[in-house]
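Student: Just dropping this structure here.
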Amino acid sequence: MSIVVTSEMLQRRTMRGGVYDTIINAKIGNNVSSLARVDPGIHFHKVSAGFKDSEKFIGTDKHDFVFNYIGEIAPGFVAHPIGSYMSNGDQNFVPVTDSNRIKHNIPIVVPTNSPPRINAIFHNQVATLTNAIAADEQNARVGPIKPCTKSSNMNGIDDTIITVTKPLYQVPKDKRSSSTKVNIDDDEPAASSGSSIQLNNQPTIINARVGDMYPCTTLAGYGGPCFNHVSSKTVQLNIRDPEGNLVPPQDTYRWLVPGALILVHATLHIYHMNRTSYYQLTASSIQIIDKGDIIPPVPTVLELPSRNGNVLNSSNVDRSTVVNFTGLMNGNASSTETSSTSAAGPSQAKRSFDVLVELDEQDVHLDYSDDIEMGVPDEKQKKASGKKAKKGGI
Numbered sequence: 073m074s075i076v077v078t079s080e081m082l083q084r085r086t087m088r089g090g091v092y093d094t095i096i097n098a099k100i101g102n103n104v105s106s107l108a109r110v111d112p113g114i115h116f117h118k119v120s121a122g123f124k125d126s127e128k129f130i131g132t133d134k135h136d137f138v139f140n141y142i143g144e145i146a147p148g149f150v151a152h153p154i155g156s157y158m159s160n161g162d163q164n165f166v167p168v169t170d171s172n173r174i175k176h177n178i179p180i181v182v183p184t185n186s187p188p189r190i191n192a193i194f195h196n197q198v199a200t201l202t203n204a205i206a207a208d209e210q211n212a213r214v215g216p217i218k219p220c221t222k223s224s225n226m227n228g229i230d231d232t233i234i235t236v237t238k239p240l241y242q243v244p245k246d247k248r249s250s251s252t253k254v255n256i257d258d259d260e261p262a263a264s265s266g267s268s269i270q271l272n273n274q275p276t277i278i279n280a281r282v283g284d285m286y287p288c289t290t291l292a293g294y295g296g297p298c299f300n301h302v303s304s305k306t307v308q309l310n311i312r313d314p315e316g317n318l319v320p321p322q323d324t325y326r327w328l329v330p331g332a333l334i335l336v337h338a339t340l341h342i343y344h345m346n347r348t349s350y351y352q353l354t355a356s357s358i359q360i361i362d363k364g365d366i367i368p369p370v371p372t373v374l375e376l377p378s379r380n381g382n383v384l385n386s387s388n389v390d391r392s393t394v395v396n397f398t399g400l401m402n403g404n405a406s407s408t409e410t411s412s413t414s415a416a417g418p419s420q421a422k423r424s425f426d427v428l429v430e431l432d433e434q435d436v437h438l439d440y441s442d443d444i445e446m447g448v449p450d451e452k453q454k455k456a457s458g459k460k461a462k463k464g465g466i
């Protein structure tokens with residue numbers, strides 16, 4: 073499967089002053105904390121994470137190192153409420169419960185038809201990760217390594233960064249969790265129960281915040297025999313549209329689609345289980361720089377798998393900034409926090425770029441489907457030596 077590429081997308085990204093030129097001129101994904109600009113052992117290093125047998129990467133300030141990086145969502149990804157859940161073994165399928173931490177595993181590749189500078193940025197992002205992993209291999213914990221980079225073809229060279237979201241569902245810590253206001257001008261009244269809104273009539277959410285919770289039934293495709301939640305709610309993740317507005321959980325599938333150009337802020341952890349080391353990049357924020365032109369189908373409720381246990385997808389300081397990319401394209405650069413949400417799907421905002429700049433800083437990491445509690449897929453280990461590109465492209 074390949075990315076859906078339209079002439080409109082190519083024009084807004086590749087024209088002079090378009091999306092790619094804007095990325096380069098604004099040094100997006102190419103600043104001092106960008107994955108492409110940092111090196112293991114110099115800008116970040118590994119320490120114990122204090123959780124079981126796990127480790128994390130911190131910066132010189134002793135805080136979790138928050139890498140930022142850019143890329144395009146790869147073909148085949150679907151943002152379904154089941155996430156990347158895999159039931160253990162080949163026995164009867166085990167439905168999702170409150171104890172499961174369901175996440176999306178998002179494969180990120182080099183942007184389509186991008187200029188040499190952006191190709192170099194993406195190459196260096198992968199190189200930073202492979203170099204960090206190679207350094208760990210030399211320090212020798214016995215056993216295989218499952219990296220957060222993969223190869224999309226048979227040449228064995230890693231060209232894909234796997235990024236894991238935070239959990240899609242959580243159990244509220246108390247029954248009196250906070251409520252989110254809705255637009256009082258809507259014709260249909262919102263439900264008055266608890267911490268969430270009855271979204272059957274889809275009232276416009278206002279003043280939403282990261283961490284707000286809503287009924288799981290808000291999500292298209294949720295329900296059926298694959299889910300056995302009792303107290304869980306779906307969570308507002310820090311996913312934003314090109315204008316910097318939060319994307320409501322029920323609209324995630326419209327925005328996180330193959331071909332979407334995204335900016336990610338993430339931390340990197342290593343989980344050691346069963347003599348295997350799993351590298352995981354967990355996104356603290358995802359911002360859409362430019363929409364993908366694919367129109368995704370509305371997710372549908374899944375049936376139980378018929379033969380095996382697999383369901384396939386149909387810093388203590390948050391240093392990420394919210395960027396108004398539409399304003400940036402119009403010459404009104406801004407980086408501001410916003411609490412509003414994007415009530416509609418992807419907009420038609422124009423943007424693109426075409427200039428060369430230097431690479432700048434930060435790292436990303438992979439996640440193997442809600443870590444380990446649901447079983448990590450056994451896949452062939454891929455390795456790639458990562459030499460960073462020189463200035464001016466590869």
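Heads up, my numbering is the position in the sequence shown plus 72, with the first residue counted as 1.
Heads up, the beta-carbon is just placed ideally off N, CA and C, and yes, glycines get one too.
Start and end of the beta strand (DSSP E) containing residue 236?
Tutor: Sequence index remark: in the sequence shown, residue 236 carries index 164 (1-based). First-last of the beta strand (DSSP E) with residue 236: 232 to 236.
Student: Cα-Cα, which of 122, 125, 103 is closest to residue 115?
Tutor: Against the sequence shown, residue 115 aligns to sequence position 43. If we check each option's Cα against that of residue 115, 103 comes out closest.
Student: Spatial neighbours of residue 89 within its chain, please: C-beta separation below 6 Å, excluding the five flanking residues on both sides.
Tutor: Reading the sequence shown from its first residue, position 17 is the one you call residue 89. There are no such residues.
Student: Quick check on the burial criterion: 16 or more other C-beta atoms within 10 angstroms. Buried or exposed for residue 312?
Tutor: On the sequence shown, residue 312 is found 240 positions in, with the first residue counted as 1. Buried.
Student: Whose CA, out of 290, 337, 110, 140, lies closest to the CA of residue 307?
Tutor: Taking the first residue of the sequence shown as position 1, residue 307 is located at position 235. Comparing Cα positions, the closest option is 290.
Student: If you follow the alpha helix (DSSP H) that residue 81 is part of, which residue opens it and which one closes it?
Tutor: As a first step, residue 81 must be located in the sequence shown, where it is residue number 9. From DSSP, the alpha helix (DSSP H) with residue 81 extends over 79 to 86.
Student: Which partner residues of residue 326 appear in the DSSP bridge assignment?
Tutor: Looking up residue 326 in the sequence shown gives position 254. Looking at the DSSP assignment, residue 326 forms no beta bridge with any residue, so it has no partner.
Student: Go through its chain and collect everything with a Cβ distance to residue 207's Cβ below 6 Å, but skip five positions before and after it.
Tutor: The residue you call residue 207 lines up with position 135 of the sequence shown. If we look at residue 207 and ignore the five residues flanking it on each side, its Cβ neighbours are 112.
Student: In this structure, how does DSSP classify residue 296 when only helix, strand and coil are distinguished?
Tutor: To locate residue 296, count along the sequence shown from 1; it is residue 224. The answer is helix: DSSP assigns residue 296 an H, G or I state.
Student: By a C-beta neighbour count over all protein chains shown, 10 Å radius and 16 as the cutoff for buried, is residue 376 buried or exposed?
Tutor: Within the sequence shown, residue 376 is the residue found at index 304, counting from 1. It is exposed - the Cβ of residue 376 has fewer than 16 other Cβ atoms within 10 Å.
Student: Taking just the CA atoms, how far does residue 107 sit from residue 314?
Tutor: Counted from its first residue, the sequence shown places residue 314 at position 242. Counted from its first residue, the sequence shown places residue 107 at position 35. Roughly 21 Å between the two C-alpha positions.
Student: Taking only three categories from DSSP, how would you classify residue 312?
Tutor: Within the sequence shown, numbered from 1, the residue matching residue 312 stands at position 240. Strand.
Student: Which of the three DSSP states is assigned to residue 127 in this structure?
Tutor: Along the sequence shown, read from residue 1 onward, the residue named residue 127 stands at position 55. Residue state, collapsed to three classes: strand.
Student: My understanding is that residue 149 touches residue 183, with C-beta atoms under 8 Å, so please give their C-beta distance in whole angstroms.
Tutor: Here residue 149 is taken as the residue at index 77 of the sequence shown, counted from 1. Here residue 183 is taken as the residue at index 111 of the sequence shown, counted from 1. So it is not a contact: roughly 15 Å between Cβ atoms.
Student: Taking the beta carbon of residue 323 as the centre, do at least 16 other beta carbons fall within 10 Å, making it buried, or is it exposed?
Tutor: As a position in the sequence shown, residue 323 is number 251, starting the count at 1. Burial call: buried.
Student: Per DSSP, which residues does residue 333 bridge with? Please list them.
Tutor: Translated into positions along the sequence shown, residue 333 becomes position 261. Partner(s): 144, 362.
Student: In whole angstroms, what separates the C-alpha of residue 93 from that of residue 280?
Tutor: Along the sequence shown, read from residue 1 onward, the residue named residue 93 stands at position 21. Along the sequence shown, read from residue 1 onward, the residue named residue 280 stands at position 208. So the two alpha carbons sit approximately 32 Å from each other.
Student: Just checking my contact of residue 101 with residue 335 at CB under 8 Å: how many whole Å lie between their CB atoms?
Tutor: What you label residue 101 is simply residue 29 of the sequence shown in a count that begins at 1. What you label residue 335 is simply residue 263 of the sequence shown in a count that begins at 1. With a Cβ gap of about 6 Å, residue 101 and residue 335 count as contacting.
Student: If you reduce the DSSP assignment to three classes, tell me which class residue 195 lands in.
Tutor: Indexing the sequence shown from 1 puts residue 195 at position 123. In the structure shown, residue 195 sits in a helix (DSSP, three-state: H, G or I).
Student: Contact between the region 295 to 310 and the region 120 to 127 is defined here as three or more beta-carbon pairs at a separation below 8 Å; is this criterion met?
Tutor: Touching, no, given that fewer than three Cβ pairs across the two stretches are closer than 8 Å.
Student: In the DSSP assignment, the beta strand (DSSP E) including residue 177 goes from what residue to what residue?
Tutor: Taking the sequence shown and counting its residues from 1, the one referred to as residue 177 is at position 105. It spans 177 to 181 - the beta strand (DSSP E) in which residue 177 sits, taken as one unbroken run.
Student: Measure how close the beta-carbons of residue 351 and residue 218 come, nearest whole angstrom, since I'm counting them as under 8 Å.
Tutor: By 1-based counting over the sequence shown, the position of residue 351 is 279. By 1-based counting over the sequence shown, the position of residue 218 is 146. Going by Cβ atoms, the distance from residue 351 to residue 218 rounds to 7 Å, so yes, they are a contact pair.
Student: Residue 371: which of 157, 353, 79, 152 sits nearest, CA to CA?
Tutor: As a first step, residue 371 must be located in the sequence shown, where it is residue number 299. Nearest C-alpha to residue 371: 152.
Student: Give the single residue among 367, 373, 362 whose Cα lies nearest to the Cα of residue 86.
Tutor: Position 14 of the sequence shown, counted from the first residue, corresponds to residue 86. Of 367, 373, 362, the residue nearest in Cα terms is 362.
Student: Run through the DSSP bridge pairs and tell me what residue 341 is partnered with.
Tutor: Looking up residue 341 in the sequence shown gives position 269. Its beta-bridge partners are 128, 352.
Student: For residue 349, which residues from the same chain have a beta carbon less than 8 Å from its beta carbon, with the 5 sequence-adjacent residues on both sides left out?
Tutor: Stepping through the sequence shown from its first residue, residue 349 is reached at position 277. Here the set comprises 208, 213, 215, 216, 217, 218, 342, 343.
Student: Since residue 119 is in the beta strand (DSSP E), which residue starts that stretch and which ends it?
Tutor: Against the sequence shown, residue 119 aligns to sequence position 47. First-last of the beta strand (DSSP E) with residue 119: 116 to 120.
Student: Measuring alpha carbon to alpha carbon, tell me which residue in 241, 168, 283, 79 is nearest residue 374.
Tutor: Here residue 374 refers to the residue found at position 302 of the sequence shown. When only C-alpha atoms are compared, the closest one is 168.
Student: Assuming residue 306 is part of the alpha helix (DSSP H), what are its boundary residues?
Tutor: Taking the sequence shown and counting its residues from 1, one reaches residue 306 at position 234. Premise fails: residue 306 lies in the beta strand (DSSP E), 305 to 307, not in any alpha helix (DSSP H).
Student: To the nearest angstrom, how far is the alpha carbon of residue 364 from that of residue 358?
Tutor: Translated into the one-based positions of the sequence shown, residue 364 becomes position 292. Translated into the one-based positions of the sequence shown, residue 358 becomes position 286. Taking the straight line from one Cα to the other gives about 14 Å.
Student: Is residue 321 buried or exposed, if buried means 16 or more other CB atoms sit within 10 Å of its CB?
Tutor: The residue you call residue 321 lines up with position 249 of the sequence shown. That one is buried.
Student: Using the rule of at least 16 other Cβ atoms within 10 Å of the residue's Cβ for burial, across every protein chain shown, is residue 284 buried or exposed?
Tutor: Translated into the one-based positions of the sequence shown, residue 284 becomes position 212. Label assigned to residue 284: buried.
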